[in-house]
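Undergrad: Numbering-wise (my numbering), the sequence shown opens with residue 1358 and increments by one.
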Amino acid sequence: MGDNNITLGNLWLPFTPNKDFHQSPRVFTGADGMYFTTADGSKVLDGISSLWCVGAGHNRREINEAIYQQLQTLDYSTAFQFGNDRAFEAAHMIAALAPGDLNKVFFCTSGSEAADTAMKMALAYHRARGQGQRSVFIGRERGYHGVGFGGMSVGGIGGNRKLFGSAMLPHVDHLRFIHDPVNHAYINGELPVFAEDWLLELEQRLLPLHDPSNVAAIIVEPVAGSAGWYLPPKGYLQRLREICDKHGILLIFDEVITGFGRMGKPFAADYFGVVPDMLNFAKCVTNGVVPMGGVVCREHVHDAIMSVPTPAHVIEFSHGYTYSGHPVACAAAVATMKLLADEKLFERAAAMGPVLGNAVHAAIKGLPHVISIRALGLAAAVELSPSDKGVGARGYAVFLECLKHGVLVRSAGDNLVLAPAYVVEKAQIEQMVGVLAQAIKRVA
Ligand SMILES: Cc1ncc(COP(=O)(O)O)c(C=O)c1O
């Protein structure tokens, strides 16, 4: 998949085993619809909507044209002290789409920045209300909130903690990871019902330990995406909401993966019927075309911060990025949201989810080393037992084998994840599942 005409030596690839990559480079040079073109001219079916970003499929004319038009009108303008018309429009559309009174949108450029933004918002909120002692954040084991020090600290990814743990935030604790590999190894389109109350430890151990009056916020992914599509038990998120309310703790949903349609609804908050105080988004909001992230918060969070009496020149929330509300990103977001609505792509994701879930269960359950399959929304994960070469080795080998046969899947440790664009056709689902099944058999 490499090309001798491309100089490869200068680029250090993110979250990639670079030494192995250079043994056999993988280079994309084009994309359209559900397919990539590689440097050697072959086609690859994009089974993961390019890191969960490209909900509407690649190369959408409507988004491309909106970006082009924006570039000819207002290419960039300072983000501080001024707004731009497209940023107001994008914020208005996001607020209209978000559930409850999640109405105030703060833009950044990535999911990692969204995590930091939400955490800072939580601290500013409590301070504004005279509770500046609330500085403890609670995340969840194996949660992923990006690579900034805030997001890494509340995240629960071993690899990040191994290298950077010594410099992480001090006042952080973690909920237990939720997965029952014995009773709920195979889940297809419904939530597991656990006999055990998974949040008892929060109420009986973590909150008493830190004292609830010190806790600023709890942050979770409604569905743990990066770890490998691990689903919350029925009622878990509702209980989390109740516990947060009882103790004046803010609830942050990191919807960088679940937001903008992956669950067949605008947000996982809609799917689960739970409104958080802050909701982080990125990825599908611009169809992946221009980097954008953000936090949409409830009015009470915003209003508390604004209610602090300040002179006219003083900034109420000292935070922001040079590219917050970049007009080109906002033009892409506006066009993406129109496209998602015009083509009813949330509904389409909802309809194709069971097609994917059924196909994966039918073709892959019972294959060698398969220990779990979880499908919900338009995403599914197949978990393999680790090989004696170490955790992730088998998953990586299956990923490479799928690619050899023209399908891009995502390996997250020994999980193989499929999360296609919402425009995916049944035949394409069958192709990606078939290739994955064959790859699992061959690698075994
Ligand atoms: C839930 C979640 N939060 C945050 C991030 C980080 O986003 P980014 O890579 O844009 O910084 C990701 C990335 O996959 C994610 O899945």
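Don't be surprised by glycine CBs; every beta carbon is placed ideally from N, CA and C.
As the structure is a computational prediction, the values presented were derived from the model and not from experiment.
1. So Y1753 is in the beta strand (DSSP E); what residue range does that whole segment cover?
2. Which same chain residues, not among the five before or five after F1707, have their C-beta less than 6 Å away from its C-beta?
3. Could you have a look at C1410 and say whether DSSP puts it in helix, strand or coil?
4. Going by DSSP, name the residue or residues bridged to T1643.
5. Which stretch, first to last residue, makes up the alpha helix (DSSP H) that contains E1782?
6. Let me confirm a value: N1637 is counted as buried when at least 16 other C-beta atoms fall within 10 Å, else exposed. Which label applies?
7. Following a CB-centred definition, is D1473 positioned closer than 7 Å to any heavy atom of ligand 1?
8. In the DSSP assignment, find the alpha helix (DSSP H) that holds S1768 and state where it starts and stops.
9. Where A1720 and A1796 are concerned, what is the direct C-alpha to C-alpha distance, given to the nearest angstrom?
10. According to DSSP, is T1373 part of a helix, a strand, or is it coil?
11. Would you report the Cα separation of M1450 and M1694, rounded to the nearest angstrom?
12. Report, in whole angstroms, the separation of the C-beta atoms of L1548 and P1579, which I expect to be a contact under 8 Å.
13. Would you mind reading off the limits of the alpha helix (DSSP H) that contains E1352?
14. Is the CB-CB distance between L1607 and A1581 below 8 Å?
15. Quick one: is the Cβ of D1611 within less than 7 Å of any heavy atom of ligand 1?
16. Below 7 Å, is the gap between the Cβ of A1639 and the nearest heavy atom of ligand 1?
17. Starting from T1394, trace the beta strand (DSSP E) both ways and give me its first and last residue.
18. Report, in whole angstroms, the separation of the C-beta atoms of C1410 and C1641, which I expect to be a contact under 8 Å.
19. Check F1534 in the structure and name its three-state DSSP category.
20. If you compare alpha carbons, which of L1365, G1440 and C1465 is closest to G1677?
21. Under 7 Å from any heavy atom of ligand 1, does the C-beta of H1531 make it?
22. What does the Cβ neighbour count give for Y1779, buried or exposed, with the cut at 16 atoms within 10 Å?
23. Please determine, among H1531, E1446, L1775 and G1515, the residue with the shortest C-alpha to C-alpha distance to H1683.
24. Are the beta-carbon atoms of I1600 and E1553 separated by less than 8 Å?
25. Please list, in chain order, all residues of the same chain as V1646 whose beta carbon is under 6 Å from its beta carbon, the five residues on each side excluded.
26. Cutting at 8 Å between CB atoms, please list the residues of its own chain near L1563, excluding the five before and the five after it.
27. Is G1650 helix, strand or coil when you go by DSSP?
28. With distances taken from CA atoms, which of V1800, I1405 and T1364 is nearest W1586?
29. CA-CA distance, P1775 and V1613?
30. Which whole-angstrom value is the C-beta distance of K1576 and V1504, which I expect to be below 8 Å?
31. Is the region 1786–1801 touching the region 1713–1730, taking contact as three or more C-beta pairs under 8 Å?
32. Output the distance between the C-alpha atoms of R1598 and W1555, rounded to the nearest integer angstrom.
33. Tell me which residue opens and which closes the beta strand (DSSP E) that E1740 is part of.
34. In chain order, which alpha helix (DSSP H) runs of at least 4 residues are fully inside the region 1488–1532?
35. If you follow the alpha helix (DSSP H) that R1731 is in, where does it begin and where does it stop?
36. What is the C-beta distance between F1756 and L1733, in whole angstroms, given that I count them as a contact (C-beta under 8 Å)?
TA: Based on what the coordinates show:
1. First-last for Y1753: A1750 to K1761, but that is the alpha helix (DSSP H), not the beta strand (DSSP E).
2. The question names Phe, but residue 1707 is Ala in the sequence shown. Correct list, in chain order: G1621.
3. coil
4. In DSSP, T1643 forms no bridge with anything.
5. Note, E1782: premise wrong, no alpha helix (DSSP H); not H, not E.
6. buried
7. no
8. Not the alpha helix (DSSP H): S1768 falls in the beta strand (DSSP E), residues R1767 to A1769.
9. 12 Å
10. coil
11. 8 Å
12. Actually they do not touch by this definition, with Cβ atoms about 11 Å apart.
13. Past the edges of the chain, shown from 1358 to 1801, lies residue 1352, and the structure says nothing about it.
14. no
15. yes
16. yes
17. Y1392 to T1395
18. 6 Å
19. coil
20. C1465
21. no
22. buried
23. E1446
24. no
25. I1420 and A1689
26. I1495, D1530 and L1532
27. strand
28. I1405
29. Before going further, note that residue 1775 is Leu rather than Pro in the sequence given. If I take the Cα positions, the gap works out to 16 Å.
30. According to the sequence as given, residue 1576 is Ile; it is not Lys. No, I1576 and V1504 are not in contact; Cβ-Cβ is about 15 Å, not under 8 Å.
31. yes
32. 14 Å
33. A1737 to L1741
34. 1506–1511 and 1515–1521
35. That residue, R1731, is in no alpha helix (DSSP H); its beta strand (DSSP E) goes V1727 to A1732.
36. Rounded, the Cβ-Cβ distance is 22 Å, inconsistent with contact.
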